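Protein chains: 2
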Amino acid sequence: MKQPFALSPIKRVAIIGLGLIGGSLGMALTQGRIVEEVIGFDQDEEALSLALSTQTVHRVERNMAEAVQNADLVIMATPVCTYPSIVAAIKTSLRPGTIVTDVGSTKSWVMDQMKRLLPEGIAFVGGHPMAGSEKKGIRGADRYLLENAVYVLTPDRDTVPEAIDAVKAIMCAVGARVLKLSPLEHDQMVAVVSHLPHMVAVALVETLSEVAKSYTQAPMLAAGGFRDTTRVAAGDPRMWVDIAKTNREPLLHTIGLFRRALDRLESEIGGCSSDGTDQVASLQNTLSHARDVRLAIPGKAKGVLPGIHEVVVTVPDKPGVIGNMARILGEAGINIADIEILRVRERDGGTIRIGFYEAEEADRAVEVLAASAVIVKRL
Amino acid sequence: MKQPFALSPIKRVAIIGLGLIGGSLGMALTQGRIVEEVIGFDQDEEALSLALSTQTVHRVERNMAEAVQNADLVIMATPVCTYPSIVAAIKTSLRPGTIVTDVGSTKSWVMDQMKRLLPEGIAFVGGHPMAGSEKKGIRGADRYLLENAVYVLTPDRDTVPEAIDAVKAIMCAVGARVLKLSPLEHDQMVAVVSHLPHMVAVALVETLSEVAKSYTQAPMLAAGGFRDTTRVAAGDPRMWVDIAKTNREPLLHTIGLFRRALDRLESEIGGCSSDGTDQVASLQNTLSHARDVRLAIPGKAKGVLPGIHEVVVTVPDKPGVIGNMARILGEAGINIADIEILRVRERDGGTIRIGFYEAEEADRAVEVLAASAVIVKRL
């Protein structure tokens, strides 16, 4: 008998859950015309109407089973612990040959569940895009969120090869970089790069909260370093409980590894004294090693731009100053590849970073802006 | 005898070390015309020439002793362990009545050293601005870096009151929010909000480095969460060794508190199972508490703007598109308060966040942009 999966390309996609990831996928598929039709389901009415007004989907359904009817691909983009009830609601509506995929943060548990729950004739491909945003839900959704993001697929030996290829093709079209890993490999790696940092950030916040009982001004002193290090601790507790439940053993193992690294560091700090050079070399080595490893991790991608060339301008805070600069650059034929306001003092001035694709553009920008901006600095 | 300190306002400032903080202070003082003259010293020739070309200082000196001659205020902006040798080099050149301050990360050790080393007639005021930047050194310096930043001063009972007031006045003029703490209070608070996060980030990076020996693709999966959580681990090892040396006891105490928070979290994770609701409530409570505490920490300030109103536009990636939008908004009399390119797909399109001071401006921006931009979304 012929394999029924993905003999034709995927034309109709149903997305269950129009949050950050589901919404971003929908926008990319709809606005990028990657498939013919995208149908969205969400429990939240506001998400549905926003999905329509922002061209995240072609149409919405208020009934999950109807949303998936005649879909070639169903994307589950809700917390992993909701999957069993979703499958229960949709399984009789899936026509044979439908591919189901997900975007959940843990994969071994998900693969096991789907194997048990999905009916014969439906192919499941586990997936996990490594992308996020500070803005949660569909309001944070962005057509370009997955651009250049690593998108992990976790087939096992039972996964239908044509289904893997079909999901891979869709995610490549969306701009993601697909990486195949086994479910267990995925779970152990994300335990380190995602789940451990979350729990560590939570413990840091809890420590501050404890200290703030005696030192009430301590939170005021939290500058960018503390805020960055603990940003993920503001994540959705329900999602993180799901992650802890479904990836417990790799997470506990990883916390053990972290504790050993911290112990080593603590003993090096304990050996340092302020009046000599006794054991500082060892601490210095660890800090230098960590810096080198950290610097080797690819930077936060906007999807942008190999080797952008930057200038920083200091300008007065007056109405129209950004528009004026953009006009000056436009008239000189210089294209702005990136722009960001770094800091502003109201009614005084601010600093703006502008990026260009080419070094010569940056150099020419310095020339043409020097006349009007107070100070231009090439970075 | 009359107190000689700061009877007149500070007119001449010498800055020893033109790095991120020294450079930013110099720019604010020079460009903001807060004092009459700013003299800069740095060992690095490139820093000196950049300081001159970016109006960070009025003039530079290649000899530290000459730099401080006739200064009303000397700002030490180098790693704390260099202070003793700096004081040795400048002390005979300081005229009586000069105020010396610093921007170092630890204060008890610094206060003790300065008390021992500075000659009679020189007032020391310990200081520590809570501000940083990803760009290091004078290239990261920004006239508005300290705008709205908390600036801690750590007087003790020996500190000359007029000197405290004089340094406070300067830092307020620079835009910082001055907070007085005892040296020990400062050291214990920064151990939690700054030194602990650094060491934790280092331990996280070391853990990833260990895991990457078996799972070579793990660093590829590090998305924004890991990068944010470990950003500070890329900091200068020499500065952090200095911090560990001079704030060892508060840091070790704080690591102990952190370890207890992590232990508690680990036991809650251990009690969670994927098939039930047994002990998940306790983990959920901790995660929710941490989220609430984290959300209550004031956001990263650009110096900007209470309650900015935002829209996100999805636009084609074509030359001049930013300039064109800025022109459209300018012609409609709408002022851009903030702008940032969120993501770009080269030769396809991108998403741009634009902020406005007033809600009506954001609403009108949606109207006028809807005609030209593909999609406008009000946040």
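In order, the protein sequences belong to chains A and B. Position 267 of the first sequence, counting from 1, maps to 267 under this note's numbering, and the rest follow consecutively. Position 322 of the second sequence, counting from 1, maps to 701 under this note's numbering, and the rest follow consecutively. Heads up, the beta-carbon is just placed ideally off N, CA and C, and yes, glycines get one too. Computed from a predicted structure; not experimentally measured.
Check                                                                                                                                                         : Outcome
Do B:Arg732 and B:Glu689 have their C-beta atoms closer together than 7 Å?                                                                                    : yes
For B:Lys756, which residues does DSSP report across the bridge?                                                                                              : B:Val691
I'd like the list of long-range same chain contacts for B:Gly650, defined as Cβ closer than 6 Å, with 5 residues on each side in sequence excluded.           : Gln658
If you run the structure through DSSP and keep just helix, strand and coil, what is A:Arg33?                                                                  : coil
Counting only Cβ pairs nearer than 8 Å, list the residues of chain A close to B:Leu631.                                                                       : Glu266, Ile269, Gly270
Excluding sequence positions up to five away, which residues of its chain have a Cβ less than 7 Å from the Cβ of B:Leu748?                                    : Val692, Met704, Ile707, Val755
Between the region 704–724 of chain B and chain A, which residues of the former have CB atoms less than 7 Å from a CB of the latter, in chain order?          : Ala705, Arg706, Leu708, Gly709, Asn714, Ile715, Asp717, Ile718, Glu719, Ile720, Leu721, Arg722, Val723, Arg724
Could you tell me whether the Cβ of B:Glu689 comes closer than 7 Å to any Cβ of chain A?                                                                      : no
From B:Ser484 to B:Val572, what does the alpha carbon distance come to, in whole angstroms?                                                                   : 12 Å
Which runs of the alpha helix (DSSP H) at least 4 residues long sit entirely within the region 507–573 of chain B? Give them in chain order.                  : 516–519, 540–552, 562–569
Chain A partners of B:Gly402, CB-CB under 8 Å?                                                                                                                : Those do not exist, as B:Gly402 stays about 11 Å from chain A at its closest Cβ, beyond 8 Å.
Which of the three DSSP states, helix, strand or coil, is assigned to B:Ile469?                                                                               : helix
For A:Thr351, return the contacting residues in chain B, with the cut-off set at a CB-CB distance below 8 Å.                                                  : Asp521, Arg522, Tyr523
Would you list, in chain order, the members of the region 100–114 of chain A that have their beta-carbon closer than 7 Å to a beta-carbon of chain B?         : Trp109
What whole-angstrom Cβ distance do B:Ile718 and A:Ile341 have, given they're in contact under 8 Å?                                                            : 6 Å
Between B:Lys381 and B:Arg474, what straight-line distance do the alpha-carbon atoms span, to the nearest angstrom?                                           : Its pLDDT being 42, under 50, B:Lys381 is placed unreliably by the model, and the measurement read from it follows with that caveat. Looking at the two C-alpha atoms, the distance is approximately 16 Å.
Sorted by chain position, which residues of the same chain lie with C-beta nearer than 6 Å to A:Leu204's C-beta, five sequence neighbours on each side aside? : Thr230
With distances taken Cα to Cα, identify the nearest neighbour of A:Arg264 among B:Gly604, B:His668, B:Val581.                                                 : B:Val581
If you reduce the DSSP assignment to three classes, tell me which class B:Val479 lands in.                                                                    : strand
From B:Met618 to B:Thr461, what does the alpha carbon distance come to, in whole angstroms?                                                                   : 10 Å
Assuming A:Ser288 contacts A:Glu268 (C-beta within less than 8 Å), just tell me the rounded distance between them.                                            : Incorrect: roughly 12 Å between the Cβ atoms, too far for contact.
So is A:Pro119 buried or exposed if we call it buried at 16+ other beta carbons inside 10 Å?                                                                  : exposed
If you draw a straight line from the C-alpha of B:Arg757 to the C-alpha of A:Leu50, how long is it?                                                           : 10 Å
Quick check: the Cα distance between A:Thr17 and A:Met114, rounded to an integer number of angstroms?                                                         : As written in the sequence, residue 17 of chain A is Gly, which differs from the Thr given in the question. For A:Gly17 and A:Met114, the distance between alpha carbons rounds to 18 Å.
Can you tell which of A:Leu25, A:Gln43, A:Glu45, A:Glu46 has its C-alpha closest to the C-alpha of A:Glu37?                                                   : A:Leu25
Closer than 7 Å, CB to CB, is A:Phe258 near chain B or not?                                                                                                   : yes
Do three or more CB pairs link the region 240–248 of chain A to the region 619–627 of chain B at distances below 8 Å?                                         : no
Return the bridge partner residues of A:Glu340 from the DSSP annotation.                                                                                      : A:Arg353, B:Glu719
Buried or exposed, going by whether 16 or more other CB atoms sit within 10 Å of the CB of B:Gln773?                                                          : Because chain B here runs from 380 to 758, residue 773 of chain B falls outside it and cannot be looked at.
Near B:Leu575, what residues of its chain come up, given a Cβ to Cβ distance below 8 Å and the 5 sequence neighbours on each side ignored?                    : Leu630, Thr633, Ile634, Phe637
Name, in chain order, the residues that DSSP records as bridge partners for A:Phe258.                                                                         : According to DSSP, which records beta bridges pairwise, A:Phe258 is partnered with nothing at all.
Would you mind telling me which residues of chain A sit closer than 7 Å to B:Leu666, beta carbon to beta carbon, in chain order?                              : Val202, Pro237, Trp240, Val241
Is B:Gly389 helix, strand or coil when you go by DSSP?                                                                                                        : Before going further, note that residue 389 of chain B is Ile rather than Gly in the sequence given. B:Ile389: coil per DSSP, three-state reduction.
What residues in its chain sit with their C-beta under 8 Å from that of B:His437, if we drop five residues either side in the sequence?                       : Thr409, Glu416, Val417, Ile418
Are the CB atoms of A:Gly320 and B:Gly709 within a distance shorter than 7 Å?                                                                                 : yes
Flag this pair as yes or no: are the beta carbons of A:Ala173 and A:Ile34 separated by less than 7 Å?                                                         : yes
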